[in-house]
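Engineer: Below: one structure in structure tokens.
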Amino acid sequence: MRKYIILALVALSTLSSCSVESGYRPALNSVEALLFDNVTRSIDNPIDESKYIFYADALLRGSNAEVEQLKSKRLFGVTATVDGTRVFIARNGSNDVYTVVTDGTALAEGGVWQLLTNDGKEGVQRLLYTYTGVVGSPRTVSTLVEANKSTHNLTIQTVQSENNLYFQVLGSGDILGYDYELHYTIKQDAPFCYDYNTRAPYCGEVEIDYRDLNRNTSHHVLFDAKNDIDNPYHYYY
Amino acid sequence: MKRLQIFILLLFISGSLCAQGVVVRREVEGDYLKITKTIPVWQKRHNFRFSIGSYSSVLDYYLSTDYYGNMSSFSDQVDSAGNYTTDRRFYGLYSLNYTYQPYRWFEVGGTLSFGATTQSRRQLETDAKIEDYNYYAVVVMPTVRFTYMNRGIVQLYSGISLGVAFGSKAPEFTGDCTLIGCSVGKKLFGFAELGAGVGGWSRVGIGYRFDIKGKK
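What follows is the structure, given as structure tokens:
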């Protein structure tokens, strides 16, 4: 009789304290990756659109080699027309027309150029960004972007390496969300590198200070773009 | 068809006769076959049981977490990315059961059960606890039990309970069924059951039964 009771008690103890659902543990750098992604998504448009400015600049300088190179990298299938101080860049088979409006001064001399779009509609001219040439720094523009209470101060340079043409980006900015604020600075000695075909940098470091205004929590992050390789938020085109 | 009906009827009767522990003795006396059927006098009794049951999908309804992470805004995503949740642990469904047994084959009474799960959310960096997700359920159910085999100290039975569960979540009707149970022992006994419902798919426990003294 006693052994049956002992058996029952043993069985009783084995039924106790079992895991019925696994917990969830995010990747260690999830916070950093989220903050980094917020920064890169906020600045990818002015960086990517600058390709029209560099293209117009190459056209106006008469540098055919640069024109062909830029066309082959990203601007394939475009037709450009120069009309005085304006350059019209249209995509073949599309109603999109980008207009680069210069102030008559070359970029290399500090010219202030505007990029407009017609949004695919005739008669529309909407200002996208204003780019200012950096004197003494060839194929480099700076731009100040202000949108949705956020500010981005960027310097974008087109760099030609042996086999590649890419953007190199420095700058800083403030992103103000509904319940958070974020300040970032791209490290001077580690600028972002953008391939012409991606929306996120493949090298560079950024320092990010983030504050949650409701929870009163903060994060200070130094993120290397190389660590972002597994970021699921990336998208390529 | 009539023979089949009689056979099925005899099958049910033999079941209850088994439960009654009827002893049938056959003796040859001269030219006669004497058949003696001894039906022991049944003493009504009280039964008390304590058991632990396993987890079940029915129980999960009352003990599952309502926290699934809040991803509605960027700040919520950052907050969620900075913490983790522990495993959700279950410590068994503990039950106390009392039944009154007026017949050898039938018991009626009630069951009171208690079960709980624990889980917490903690910061990734410091492992500091942010929030607890502990849920408990109390189940109160009238119970009936049917014994269909009684062989000395071994009994086989089934049972059904229907009642209410309440606790961390709003009260709800619930039920439990003992598909097959086996108890071993006379006064002090151990038992194991396979079931379905809030009591878990398996339960084990110990019990005590004592006869009610009085008119036989």
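Line by line, the protein sequences are chains Y and A.
Heads up, the first sequence is in this note's numbering, so the first residue is 22 and it goes up one at a time.
Heads up, the second sequence is in this note's numbering, so the first residue is 2 and it goes up one at a time.
All C-beta atoms in this analysis are idealised placements derived from N, C-alpha and C, irrespective of residue type, glycine included.
1. Between N113/Y, S93/Y, K94/Y, which lies nearest to T100/Y when the distance is taken from Cα to Cα?
2. What did DSSP end up calling F97/Y once you bin it into helix, strand or coil?
3. List in chain order: all unbroken beta strand (DSSP E) runs of 3+ residues lying wholly within the stretch 37-122 of chain A.
4. Chain Y beta carbons: is any one of them nearer than 8 Å to that of S1/A?
5. Could you please give me the residues that DSSP links to W134/Y through a beta bridge?
6. Check N59/Y in the structure and name its three-state DSSP category.
7. Which partner residues of R204/A appear in the DSSP bridge assignment?
8. Can the beta-carbon of G83/A be found less than 8 Å from the beta-carbon of Q124/A?
9. Give me, in chain order, the residues of the same chain whose beta-carbon lies closer than 7 Å to that of A197/A; leave out the 5 immediate sequence neighbours on both sides.
10. Going by the beta-carbon positions, is the gap between T112/A and S96/A smaller than 8 Å?
11. Taking just the CA atoms, how far does F75/Y sit from T161/Y?
12. Looking only at C-alpha atoms, which of T151/Y, V156/Y, Q178/Y, V180/Y sits nearest to V166/Y?
13. Count the other CB atoms, across all protein chains shown, that sit within 10 Å of the CB of K72/Y; report buried if there are 16 or more and exposed otherwise.
14. CA-CA distance, D32/A and V25/A?
15. Kindly list the residues whose CB is nearer than 8 Å to the CB of D88/A, restricted to its own chain and excluding five residues on each side of it in sequence; keep chain order.
16. Would you say A117/A lies against chain Y (beta-carbon separation less than 8 Å)?
17. With 8 Å set as the bound, which would you pick, yes or no: does the beta-carbon of Y56/A sit closer than that to a beta-carbon of chain Y?
18. Checking 8 Å against the spacing of the C-beta atoms, do T106/Y and V133/Y come in under that value?
19. Using a Cβ cut-off of 9 Å, which residues of the stretch 224-246 of chain Y contact any Cβ in chain A, in chain order?
20. State yes or no: is the beta carbon of R89/A nearer than 8 Å to at least one beta carbon in chain B?
21. Could you spell out the range, first to last residue, of the beta strand (DSSP E) harbouring K130/A?
22. Can a CB atom of chain A be found closer than 8 Å to the CB of Y45/Y?
23. In chain A, which residues lie with their C-beta within 7 Å of the C-beta of D200/Y?
24. Looking at the secondary structure, which residues open and close the beta strand (DSSP E) in which Q146/Y lies?
25. Short of 7 Å in beta carbon distance, which residues of its chain neighbour Y256/Y, apart from the five on each side in sequence? Order them along the chain.
26. Can you give the Cα-Cα distance for T123/Y and T172/Y, rounded to whole angstroms?
27. Which residues in the same chain have their Cβ closer than 6 Å to the Cβ of S169/A, if we skip the five residues on either side of it in sequence?
28. Between E87/Y, K94/Y, L81/Y, A86/Y, which has its C-alpha nearest V103/Y's C-alpha?
29. Shorter than 8 Å from the beta carbon of E42/Y to some beta carbon of chain A?
30. From R122/A to R90/A, what distance separates their C-alpha atoms?
31. Does S158/Y come out as helix, strand or coil in the three-state DSSP assignment?
32. Using 7 Å as the cut-off, classify the Cβ of S65/A as near or not near the heavy atoms of the ligand GTP, replying yes or no.
33. In the DSSP assignment, the beta strand (DSSP E) including P172/A goes from what residue to what residue?
34. How many Å lie between C19/A and C183/A at the Cα?
35. Taking the alpha carbon of S163/Y as the point to measure from, which residue in G83/Y, T179/Y, R46/Y has its own alpha carbon closest?
36. Got a sec, what are the start and stop residues for the beta strand (DSSP E) T127/A sits in?
Structural biologist: Quick look at the numbers:
1. Nearest C-alpha to T100/Y: N113/Y.
2. F97/Y falls in the coil class under three-state DSSP.
3. As far as the stretch 37-122 of chain A is concerned, its whole beta strand (DSSP E) runs of at least 3 residues are 46-54, 84-86, 89-91, 94-104, 107-119.
4. The structure shown has nothing for residue 1/A, since chain A only spans 2 to 217.
5. The secondary-structure analysis by DSSP pairs W134/Y across a beta bridge with Y152/Y.
6. N59/Y carries a helical assignment under DSSP once its states are collapsed to helix, strand and coil.
7. Partner(s): G54/A, E194/A.
8. Yes, the pair counts as a contact, with Cβ atoms nearer than the cut-off.
9. Hits under 7 Å: C178, L180.
10. It is a contact, given that the beta carbons lie within the stated cut-off.
11. The straight-line gap from Cα to Cα measures roughly 8 Å.
12. Out of T151/Y, V156/Y, Q178/Y, V180/Y, T151/Y has the C-alpha closest to the C-alpha of V166/Y.
13. By the 10 Å Cβ count, K72/Y comes out buried.
14. The alpha-carbon atoms of D32/A and V25/A are separated by roughly 19 Å.
15. Closer than 8 Å at Cβ, skipping near neighbours: Q120.
16. So no, A117/A is outside the interface.
17. Residue-level contact by beta carbon holds for Y56/A and chain Y, with a gap shorter than 8 Å.
18. No Cβ-Cβ contact shorter than 8 Å links T106/Y with V133/Y.
19. Cβ contacts with chain A come from Y231, D233, L234, N235, R236, T238, H240.
20. Any reference to chain B falls outside this structure, whose protein chains are Y and A.
21. From DSSP, the beta strand (DSSP E) with K130/A extends over 130-133.
22. So, interface residue.
23. Within chain A, the residues near D200/Y are S74, S76.
24. No beta strand (DSSP E) holds Q146/Y; DSSP gives it neither H nor E.
25. Annotation note: pLDDT 42 at Y256/Y (below 50); position unreliable, no value reported.
26. Between the C-alpha atoms of T123/Y and T172/Y there is a straight-line separation of about 23 Å.
27. Answer for S169/A: Y136, Y137, listed in chain order.
28. Closest in C-alpha terms to V103/Y, from the list E87/Y, K94/Y, L81/Y, A86/Y, comes L81/Y.
29. Interface criterion met: the Cβ of E42/Y is under 8 Å from a Cβ in chain A.
30. Approximately 13 Å between the Cα atoms of the pair.
31. S158/Y carries a coil assignment under DSSP once its states are collapsed to helix, strand and coil.
32. Looking at this structure, you won't find the ligand GTP or any other ligand, since it has none at all.
33. Note, P172/A: premise wrong, no beta strand (DSSP E); not H, not E.
34. Caution applies to C19/A, whose pLDDT of 48 falls short of 50 and renders its modelled position unreliable; the value that the coordinates give is listed next. Approximately 15 Å, taken between the alpha carbons.
35. The residue from G83/Y, T179/Y, R46/Y with its alpha-carbon nearest to that of S163/Y is T179/Y.
36. First-last for T127/A: undefined, no H or E at that position.
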